[in-house]
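Engineer: Just dropping this structure here.
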Amino acid sequence: MKLTYICFALVLFLVSAVTHGFHYSGARIFNNVLLGQNSKLGRPTNTLVMMGRRSEKIARKKGSEDAKRGKIFARIGKKIIVAVKAGGPVVESNKALADILKEAKSYNVPKENIDRAIKRAEAADAADFKEAVYEAYGAGGVGIIISCLTDNTNRALTDIKNAIKKSEVTLASSGSVAFNFDKKGCLEVASELDEDTVLEIALEGGVDDFVLEEGEEEGTSVVYVAPGETKLMADALEAAGHAPKPSLANVPNVWVDCDEATAEANLAVIEALEELDDVDCVEHNIRLLASA
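The sequence shown maps to residues -21 to -1, 1 to 271 in mature numbering (1 follows the signal peptide of the UniProt record, and there is no 0).
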C-alpha cells in the first residue's frame, strides 16, 4: 500500500514539474544566461538587453534555420535585381552588383539563385524594388523600425497594418522613432574575437572606431562600425582570415525597460512582421527587466 502511494505521489510530482517547474527553471536559466552576457558586455546586470535580431534569437527560438535562410536569399535576390537594372549584369563594370555578389557568397547563396535573379532583372517586365522604412511604437513605448525591400509599397504598408491591427503596436511618423537608434555597419564573424585582435585588424584597415560584441551563436562575434567604414572593416576582417557577413543595422541609443509580458507581446508582433514577404528586417530597443 505504501509503495502504491509513493508511486502515485511521484507521478503527481512529475506532472507538476512538467507543467510548472520545468518551465520556471527554464526561465531562470534564460535569465541567468542573459545576465551573464550583460555583465561581460558592461551592461547593467539587473536588465536583459534585447537588441534587434540578436536578442530575439536569444529570447526565443524563432522559426527554422531554413526559413531564416530563405529570407536572406530573398533579400539578396531583390538587391541583385536592383543592381542589375541600374548598372547591368557585368560585374566588372557594376560595383554595386559586385558588392552584392560578395555578400551573397558570405551567406552561401546558391549560384542558381543568383543566376535566376540576374535573369529576372534583365526581363522586360522586371519588378522595380525599392527600400521603404516604417516606424512604430509597441507596447510600453518600445521603438520598432520595420525595413522593407518591395516592388509595391502600398501592399507592404497594408500587410504591415494587418499584422499589427490587433496589437498595441501603432505606426508612427517618420523620424519619431528613428532618433532612438544609430545607424551602424554590422559585421558578423564566425569566430570568437577579442578586443586586441579587432583593434589590430581595424588599425590595419584604417577604421577609426568599433564596438565588439558576442554573436548570437556560440563562438561568433559581431563588430559594429560607422556606416561609411563598413567596407573597410569587412575587407580588413577578410584579409585577416575572418569572412564577415556585412549589413547595416539600427542600434538603439535609448532602451525601453519591459517586463516579461510586455516584451513577449512585442516580440509576437515582431515575429508576425518578419514573416511578411516585403519585410527585410525588424529592429527594436527592448530591454527586458530581470525577474526578482
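Just so you know, even glycine gets a beta-carbon here, dropped at the ideal spot from N, CA and C.
#1: So, Val261 versus Val148, is the Cβ gap smaller than 7 Å?
#2: Provide the residue span of the alpha helix (DSSP H) that contains Asp238, from first to last.
#3: Just to check my reading of the structure: Val190 and Tyr203 have Cβ atoms closer than 8 Å, yes? What is that Cβ distance to the nearest angstrom?
#4: How many angstroms separate the CA atom of Ile252 from the CA atom of Arg54?
#5: In this structure, what does DSSP give as the bridge partners for Tyr203?
#6: What residues match up with Phe160 in a beta bridge as DSSP calls it?
#7: Which residue comes first and which comes last in the alpha helix (DSSP H) that contains Lys144?
#8: Am I right that Ala65 and Ala75 are in contact with their C-beta atoms under 8 Å? What's the rounded C-beta distance?
#9: Taking Asp161 and Val230 to be in contact with their CB atoms under 8 Å, please state how far apart those CB atoms are, rounded to whole angstroms.
#10: So Ile79 packs on Lys58, CB below 8 Å; how close in whole Å?
#11: From Asp107 to Thr129, what does the alpha carbon distance come to, in whole angstroms?
#12: Please report the residue range of the beta strand (DSSP E) in which Val177 lies.
#13: Counting C-beta neighbours from all protein chains within 10 Å, is the total for Pro89 16 or more, i.e. buried, or is it exposed?
#14: For Lys140, tell me which candidate among Tyr86, Asp173 and Val258 has the shortest Cα-Cα distance.
#15: What does the Cβ neighbour count give for Pro223, buried or exposed, with the cut at 16 atoms within 10 Å?
#16: Given this structure, state the Cα-to-Cα distance separating Ala38 from Asp238, to the nearest angstrom.
#17: Using DSSP's beta-bridge definition, name the partner residues of Ser226.
#18: Exposed or buried, what is Lys163 when buried is set at 16 or more other beta-carbons lying within 10 Å of its beta-carbon?
#19: According to DSSP, is Asp257 part of a helix, a strand, or is it coil?
#20: Below 7 Å between beta carbons: does that hold for Tyr86 and Ile125?
#21: What does the alpha-carbon distance come out to for the pair Leu211 and Ala181?
Structural biologist: Walking through what the data contain:
#1: no
#2: Premise fails: Asp238 is in no alpha helix (DSSP H) and is neither H nor E.
#3: 4 Å
#4: According to the sequence shown, residue 252 is Leu rather than Ile. Whole-angstrom Cα-Cα distance: 15 Å.
#5: Cys165 and Val190
#6: Pro231
#7: Careful: Lys144 lies outside any alpha helix (DSSP H) and carries neither H nor E.
#8: 7 Å
#9: 5 Å
#10: 5 Å
#11: 8 Å
#12: Val177 -> not in any beta strand (DSSP E); alpha helix (DSSP H) instead, spanning Glu174 to Gly184.
#13: exposed
#14: Val258
#15: buried
#16: Residue confidence for Ala38 is low, a pLDDT of 46 falling below 50, so the modelled location carries little weight; the figure read from the coordinates is stated next. Going from the Cα of Ala38 to the Cα of Asp238 covers about 13 Å.
#17: Cys165
#18: buried
#19: coil
#20: no
#21: 8 Å
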